[in-house]
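Novice:
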Amino acid sequence: MTAHDLQGQVAIVTGGGSGIGRAIAASLAADGVRCALVGRRAEKLDSALGRLATPGIAIVADITDHRTHAQILDETQNTLGPVNILVHSAGIFENQPIEDTTDEVWDGILAVNLTAVMTLTRTAWPTLVSTSGQIVLISSIATTRHFEGDAAYAASKAGVDALGQVLALEGNKHGIRVITINPAQTDTDLWDDKAPPEVRARMMKSTAVGELAAALVAIDRDVDLSPIRIRPTQDPWKTGD
Ligand SMILES: NC(=O)c1ccc[n+]([C@@H]2O[C@H](COP(=O)([O-])OP(=O)(O)OC[C@H]3O[C@@H](n4cnc5c(N)ncnc54)[C@H](OP(=O)(O)O)[C@@H]3O)[C@@H](O)[C@H]2O)c1
Numbered sequence: 503m504t505a506h507d508l509q510g511q512v513a514i515v516t517g518g519g520s521g522i523g524r525a526i527a528a529s530l531a532a533d534g535v536r537c538a539l540v541g542r543r544a545e546k547l548d549s550a551l552g553r554l555a556t557p558g559i560a561i562v563a564d565i566t567d568h569r570t571h572a573q574i575l576d577e578t579q580n581t582l583g584p585v586n587i588l589v590h591s592a593g594i595f596e597n598q599p600i601e602d603t604t605d606e607v608w609d610g611i612l613a614v615n616l617t618a619v620m621t622l623t624r625t626a627w628p629t630l631v632s633t634s635g636q637i638v639l640i641s642s643i644a645t646t647r648h649f650e651g652d653a654a655y656a657a658s659k660a661g662v663d664a665l666g667q668v669l670a671l672e673g674n675k676h677g678i679r680v681i682t683i684n685p686a687q688t689d690t691d692l693w694d695d696k697a698p699p700e701v702r703a704r705m706m707k708s709t710a711v712g713e714l715a716a717a718l719v720a721i722d723r724d725v726d727l728s729p730i731r732i733r734p735t736q737d738p739w740k741t742g743d
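Take the sequence shown: its letter number 5 is residue 507 in the numbering used here, and every next letter is one higher.
If you want it as structure tokens, here you go:
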């Protein structure tokens with residue numbers, strides 16, 4: 503199988519300032535992709551940007567404000583060129599029982615993890631049609647392995663899985679490929695205050711997911727990629743005793 507050359511391609515990476523998004527951008531940039539990193543915190547974006555092997559740009563935006571989507575697309579295209587790859591890594595994670603899952607919690611998680619994924623994709627769709635581009639959706643293992651307290655998060659990511667299946671069908675006739683990745687526990691800021699250091703030490707490194715994503719988008723375009731799970735070989739929450 504020959505790898506598809508990514509040199510000179512352009513990517514938008516939401517959540518590119520930290521964790522998995524940052525790692526995906528780093529791996530794409532190592533393959534010559536020019537990345538636009540999107541997030542709310544300028545300092546995180548600038549720090550990530552400074553370590554990319556191929557120069558990119560930072561775009562400070564809250565993706566739940568859908569008015570920013572046209573700006574994200576325009577700024578990327580005007581500076582870097584037509585978008586070939588759209589990576590949705592921005593996401594938030596809360597864990598609480600159903601009785602504490604207020605409308606605000608539910609709406610907040612759905613807004614970032616699912617609704618913004620659809621609306622930003624819709625905004626970028628004509629461009630992705632013109633470039634026969636690729637969409638990378640960072641879903642979660644939470645869609646098939648369920649945990650107490652995950653109602654809003656698991657529902658949002660199950661929506662991402664379903665969205666990915668439909669986008670793949672609609673994108674097929676335009677030469678658009680959709681790749682859904684379902685990572686398990688990965689040591690990122692997402693786990694701040696939610697997992698102790700010894701558990702985090704047993705989680706995957708974000709670079710594993712970053713390298714996987716870059717490898718998948720480089721695979722020959724006549725190959726359809728079904729949802730891909732990636733997880734640590736041992737459950738980080740079990741000590742193995
Ligand atoms: N870590 C895991 O174990 C794991 C497992 C499965 C799936 N995932 C998924 O992986 C993705 C990345 O998470 P991560 O683990 O890398 O955690 P992370 O480091 O906290 O990354 C989340 C990113 O999303 C951005 N973000 C959040 N809300 C945003 C908004 N409204 N507008 C724009 N950007 C926003 C954050 O940047 P700002 O705060 O600066 O906006 C941050 O860079 C998420 O979709 C998560 O659900 C993670």
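Idealized CB from N, CA, C, for every residue including glycine.
What are the start and end residues of the beta strand (DSSP E) that includes V607?
Specialist: As a working mapping, residue 607 is identified with position 105 in the sequence shown. Per DSSP, V607 belongs to no beta strand (DSSP E); it is in the alpha helix (DSSP H), D605 to L612.
Novice: Assign G518 to buried or exposed, taking buried as 16 or more other Cβ atoms, counted over all protein chains shown, within 10 Å of its Cβ.
Specialist: For the purposes of this step, residue 518 is identified with residue 16 of the sequence shown, where counting begins at 1. Its Cβ being crowded by 16 or more others within 10 Å, G518 is buried.
Novice: With H, G and I counted as helix, E and B as strand and the rest as coil, what does DSSP make of H571?
Specialist: Translated into the one-based positions of the sequence shown, residue 571 becomes position 69. In this structure, H571 counts as helix in the three-state DSSP scheme.
Novice: Residues in the same chain with beta-carbon distance under 6 angstroms from I600, minus the five sequence neighbours each way, listed in chain order, please.
Specialist: Sequence index remark: in the sequence shown, residue 600 carries index 98 (1-based). Here the set comprises A653.
Novice: When you compare only the Cα positions, how much space is there between H568 and L588?
Specialist: Mapped onto the sequence shown, residue 568 falls at position 66. Mapped onto the sequence shown, residue 588 falls at position 86. Near 16 angstroms, if we compare the C-alpha coordinates of L588 and H568.
Novice: Quick one: any contact between the stretch 659 to 667 and the stretch 679 to 696, if contact means 3 or more CB pairs under 8 angstroms?
Specialist: Counting Cβ pairs under 8 angstroms, three or more are found: they touch.
Novice: Hey, could you find the ends of the alpha helix (DSSP H) L530 is sitting in?
Specialist: By 1-based counting over the sequence shown, the position of residue 530 is 28. Here the alpha helix (DSSP H) through L530 covers G521 to A532.
Novice: Nearest by alpha-carbon distance to T625: which of R731, S642, G534 and V585 is it?
Specialist: As a first step, residue 625 must be located in the sequence shown, where it is residue number 123. Nearest option by C-alpha distance: V585.
Novice: Determine the burial state of D689: buried for a count of at least 16 other Cβ atoms within 10 Å of its Cβ, exposed for fewer.
Specialist: By 1-based counting over the sequence shown, the position of residue 689 is 187. By the neighbour-count rule (16 or more Cβ atoms within 10 Å), D689 is buried.
Novice: Comparing alpha-carbon positions, which option in H648, I559 and R723 lies nearest H506?
Specialist: Position 4 of the sequence shown, counted from the start, is the residue given in the question as residue 506. Looking at the Cα atoms, R723 is the closest of the given residues.
Novice: Among D602, L539, G552 and V512, which residue has its Cα nearest to the Cα of D533?
Specialist: Translated into positions along the sequence shown, residue 533 becomes position 31. Answer by Cα proximity: V512.
Novice: From this set, P628, L630 and A592, which residue's C-alpha is nearest L612's C-alpha?
Specialist: Locating residue 612 in the sequence shown gives position 110, where the first residue counts as 1. Nearest of P628, L630 and A592 to L612, Cα basis: A592.
Novice: Please classify A560: is it buried, with 16 or more other beta-carbons within 10 angstroms of its beta-carbon, or exposed?
Specialist: The count along the sequence shown starts at 1 and reaches residue 560 at position 58. A560 comes out buried.
Novice: Below 6 angstroms CB to CB, which residues in the same chain sit around R536 once its five sequence neighbours on both sides are set aside?
Specialist: Reading the sequence shown from its first residue, position 34 is the one you call residue 536. These residues qualify, in order along the chain: V512, T556, G558 and L582.
Novice: Taking A555 as part of the alpha helix (DSSP H), name the residues at either end of that continuous run.
Specialist: Here the question's residue 555 lines up with position 53 in the sequence shown. Unbroken run through A555: none, as it is neither H nor E.
Novice: Expressed to the nearest angstrom, what Euclidean distance is found between the alpha-carbon atoms of G523 and G541?
Specialist: Translated into the one-based positions of the sequence shown, residue 523 becomes position 21. Translated into the one-based positions of the sequence shown, residue 541 becomes position 39. The straight-line gap from Cα to Cα measures roughly 10 angstroms.
Novice: Please go through the same chain and pick out, in chain order, the residues whose beta-carbon is closer than 8 angstroms to the beta-carbon of A656, but skip the five residues on each side of it.
Specialist: Along the sequence shown, read from residue 1 onward, the residue named residue 656 stands at position 154. S642, A644, T645, H648 and F649, listed in sequence order.
Novice: Tell me the rounded alpha-carbon separation between T504 and T603.
Specialist: Walking along the sequence shown from the start, residue 504 turns up at place 2. Walking along the sequence shown from the start, residue 603 turns up at place 101. Because T504 carries a pLDDT of 46, less than 50, the predicted location of this residue cannot be relied on, and the following value inherits that uncertainty. Distance between the alpha carbons of T504 and T603: 47 angstroms.
Novice: Please give the ranges of any beta strand (DSSP E) in the stretch 577 to 649, keeping only runs that are unbroken, at least 3 residues long and fully inside the region.
Specialist: 587 to 590 and 636 to 640, all fully within the stretch 577 to 649.
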